[in-house]
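Following: one structure in structure tokens, then a few remarks.
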Amino acid sequence: MMLIPSEAIAQTLDRAAPMTFQGRYLVSISDADMLASAYVNGQLGPREGRDALSVIPLGGRHVRDLRAYETEASNSVAGPPVAVAVTPDGRFAIVVETFRPRPDGDWQNQRFSDLRHGDRILVFDLSDPTRPRRVQEVTVAERPDSVSISRDGASVAIAFNPQGAGTKTPLAIIPFSNGRLGQPVYPTVPRLPQGQRLIHAEWHPKEDVLALVNENAATVEFVRVGRQRNTIELQPWGNVVQIEKAPYMARFTPDGRHLIVNNLFWGPDVEGLWTEAPRGSVNSIRLSAGKQADGSPRHALVSRAMTGVSPEGIAISPNGRFVVTTNLERSYLPYDDRRITWFSTLSLITLDPQTGQLNHVAEYPYDGILPEAAAFDASSQYLAVVNYDHFDDRKQGGSIDFWRIATDPLNPHPKLVQTRYSVPVTRGAHSMVLVP
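Printed below as a string of structure tokens:
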């Protein structure tokens, strides 16, 4: 009988597929106030902890060794998964409070309709990612939906749900300097009809330009941001682009040449508004594809690709070659609803950085509830995905799950592969960004 040296056994036990998720840290937020099924039956269910901001330091370690460091941060899943943003230097995170925390009391009688509109913007210092701390709180108009930070870190754009913003315009621009937010300015948004929902305002990565996503009209318009002393003026920059039904958020490609928008196909003409929605899509818009008669830029819709059902989140790889959408499917329905899907999916789409052409690869189902966001690592080889909750109710909390882009050496067709690696976070994870 041959004896295997203990050193060889140890080496065998230490084996692991490559999984060095590159970057400084991941930042996510969790809404602990509601079960995912509250969207359908209105019942908030038992609370698991408090709303939280989670920071996962990366530092070149294998993902099996990662953990999250958390601090309380009021936020809500009831909006697009762009409720947290991080300054370009990685020093500060900014979180919008769409709804206030649920009231204390008997959870069996608490309903989604009991939640009150939020009106705060929270700033967190991440200089020590193992000890994130809140350093500022600013009151703004009610029900902020999204947050985006300009390329120089000096301006913050906040879009508001018209059901909460009242008489103020649905957009605020807030100066940001030395870790402090200044006084919000509410500029007039050109070409936005009264009462329509500006669901997301996203800064261009290289210019003082905002992409404005209109959920009701299914359009994207671009505005140039001008500053004069204490005033801010938005000037139309090129044409409005018609996209598809119920757009939800937008992300620029790293080079700023294209904008990728997801479309959920929700609406009053859909059974249950969203519960029986068909498959969604993503659109690619090329900026300044030509010139209009007046010399202004002409932006063009250049490509589309189908996704799974309700593709709420978009992630674009740093190399500009992959797009992933996080698809809710019908994973968030109550367990006794016959329409429930006991899975969610990711859609993998390739992107040509030069032309903006999209090519749908496949959907990848997995065991998860209400995934709203994903983030590629700095190498474009790995993907982190938020998992709002688990189908096994004995397992508390949500998680950040890790995937890889994989190819067969004999067949370079890309695939998404879920790994067994996961980092626990507070239940209700829904928005996430990578600090590269």
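Residue numbering for the sequence shown follows numbering that gives the first Met the number 0, starting at 0 and increasing by one per position.
Where is the CB? At the ideal position from N, CA and C, for every residue including glycine.
Give the range of the alpha helix (DSSP H) segment to which residue 237 is assigned.
That residue, residue 237, is in no alpha helix (DSSP H); it is neither H nor E in DSSP.
Going straight from the alpha carbon of residue 14 to that of residue 418, what length do you get?
In this structure, the CA atom of residue 14 is about 14 Å from the CA atom of residue 418.
Only counting the same chain, and skipping five residues up and downstream in sequence, which positions put a Cβ closer than 6 Å to that of residue 196?
These residues qualify, in order along the chain: 161, 214 and 215.
Looking at the unbroken alpha helix (DSSP H) that takes in residue 161, where does it start and where does it end?
It spans 161-164 - the alpha helix (DSSP H) in which residue 161 sits, taken as one unbroken run.
Grouping DSSP H, G and I as helix and E and B as strand, with all else coil, what is residue 63?
Residue state, collapsed to three classes: helix.
In three-state terms, what does DSSP make of residue 39?
Residue state, collapsed to three classes: helix.
What span of residues does the beta strand (DSSP E) with residue 202 cover, start to end?
DSSP places residue 202 in the uninterrupted beta strand (DSSP E) bounded by 197-202.
Can you look up residue 378 in the DSSP assignment and give me helix, strand or coil?
Reduced to three states, the DSSP call for residue 378 is coil.
Please state if the CB of residue 81 and the CB of residue 201 are separated by a distance shorter than 9 Å.
Against a cut-off of 9 Å, the Cβ pair of residue 81 and residue 201 comes out as a contact.
Are the beta-carbon atoms of residue 259 and residue 284 separated by less than 9 Å?
Note that the C-beta distance between residue 259 and residue 284 is below 9 Å.
I'd like to check one pair, residue 107 with residue 101: are the Cβ atoms closer than 9 Å?
Cβ atoms of residue 101 and residue 107: not closer than 9 Å.
Residue 237 versus residue 286 - alpha carbon distance:
In a straight line, the C-alpha of residue 237 is about 9 Å away from that of residue 286.
Is DSSP giving residue 29 helix, strand or coil here?
Residue 29 sits in a strand when the DSSP states are folded into three classes.
Of all the CB atoms in chain D, is at least one closer than 9 Å to the CB of residue 259?
The structure shown contains no chain D, having only a single protein chain.
What's the C-alpha gap between residue 272 and residue 348?
Near 26 Å, if we compare the C-alpha coordinates of residue 348 and residue 272.
CB-CB under 6 Å to residue 302, same chain, minus the five flanking residues each way: which ones, in chain order?
Excluding positions up to five away in sequence, the list reads 283, 355, 356 and 357.
If you count every other CB in all the chains shown that lies within 10 Å of the CB of residue 412, and 16 or more means buried, which is it?
Under a 10 Å Cβ-count criterion, residue 412 is classified as exposed, with fewer than 16 other Cβ atoms of the shown protein chains found around its own Cβ.
Cα-Cα, which of 56, 145 and 57 is closest to residue 94?
Nearest C-alpha to residue 94: 145.
Report the residue from 426, 399 and 408 whose alpha carbon sits nearest the alpha carbon of residue 20.
Comparing Cα-Cα distances from residue 20 to each of 426, 399 and 408, the minimum goes to 399.
Runs of beta strand (DSSP E) wholly within the segment 323-351 (minimum 3 residues, chain order):
Within the segment 323-351, the complete beta strand (DSSP E) segments at least 3 residues long are 343-350, listed from N- to C-terminus.
From residue 243 to residue 217, what distance separates their C-alpha atoms?
CA-to-CA, the gap between residue 243 and residue 217 works out to about 6 Å.
Flag this pair as yes or no: are the beta carbons of residue 320 and residue 329 separated by less than 9 Å?
For residue 320 and residue 329, no; Cβs fall outside 9 Å.
Using a 10 Å radius around the Cβ and a threshold of 16 neighbouring Cβ atoms, would you call residue 192 buried or exposed?
Residue 192 comes out exposed.
Using a Cβ distance threshold of 8 Å, determine whether the segment 37-54 contacts the segment 114-132, with at least three qualifying pairs required.
Counting Cβ pairs under 8 Å, three or more are found: they touch.
Apart from the five residues just before and just after residue 378, which ones in its own chain have a Cβ nearer than 6 Å to its Cβ?
By the criterion of a C-beta distance shorter than 6 Å, residue 378 is surrounded in its chain by 21, once the five residues flanking it on both sides are discounted.
Below 7 Å CB to CB, which residues in the same chain sit around residue 9 once its five sequence neighbours on both sides are set aside?
Model confidence at residue 9 stands at a pLDDT of 49, short of 50, so the residue's coordinates are unreliable; what they give is reported in the following sentence. Within the same chain, residue 9 has no close Cβ partners at all.
Does the segment 414-431 come within contact of the segment 30-40, defined as at least 3 CB pairs closer than 8 Å?
Between the segment 414-431 and the segment 30-40 there are three or more C-beta pairs closer than 8 Å, enough to call the two in contact.
What three-state label does DSSP hand residue 402 in the structure shown?
Here DSSP, grouped into helix, strand and coil, assigns residue 402 to strand.
Exposed or buried, what is residue 388 when buried is set at 16 or more other beta-carbons lying within 10 Å of its beta-carbon?
When all chains shown are included, residue 388 counts as buried.
Could you round the C-beta distance between residue 120 and residue 186 to whole angstroms and report it? I think they count as a contact, below 8 Å.
In this structure, residue 120 and residue 186 do not form a Cβ contact; the two beta carbons are roughly 17 Å apart against a cut-off of 8 Å.
Round the Cβ separation of residue 57 and residue 23 to the nearest angstrom and send it over; I've been treating them as touching at under 8 Å.
Confirmed, Cβ separation roughly 6 Å.
Where the beta strand (DSSP E) containing residue 133 begins and where it ends:
Per DSSP, residue 133 belongs to the beta strand (DSSP E) from 132-138.
Label residue 45 either buried or exposed according to how many other C-beta atoms from any shown protein chain fall within 10 Å of its C-beta, with 16 as the threshold for buried.
Its Cβ having fewer than 16 others within 10 Å, residue 45 is exposed.
Using beta-carbon positions only, say whether residue 397 and residue 385 come within less than 9 Å of one another.
In contact: residue 397 and residue 385 (Cβ atoms closer than 9 Å).
With C-beta atoms as the reference, is residue 248 less than 9 Å away from residue 212?
Their beta carbons are under 9 Å apart, which means residue 248 touches residue 212 by this criterion.
To the nearest angstrom, report how far apart residue 281 and residue 65 are at their CA atoms.
Going by the C-alpha atoms only, they are around 32 Å apart.
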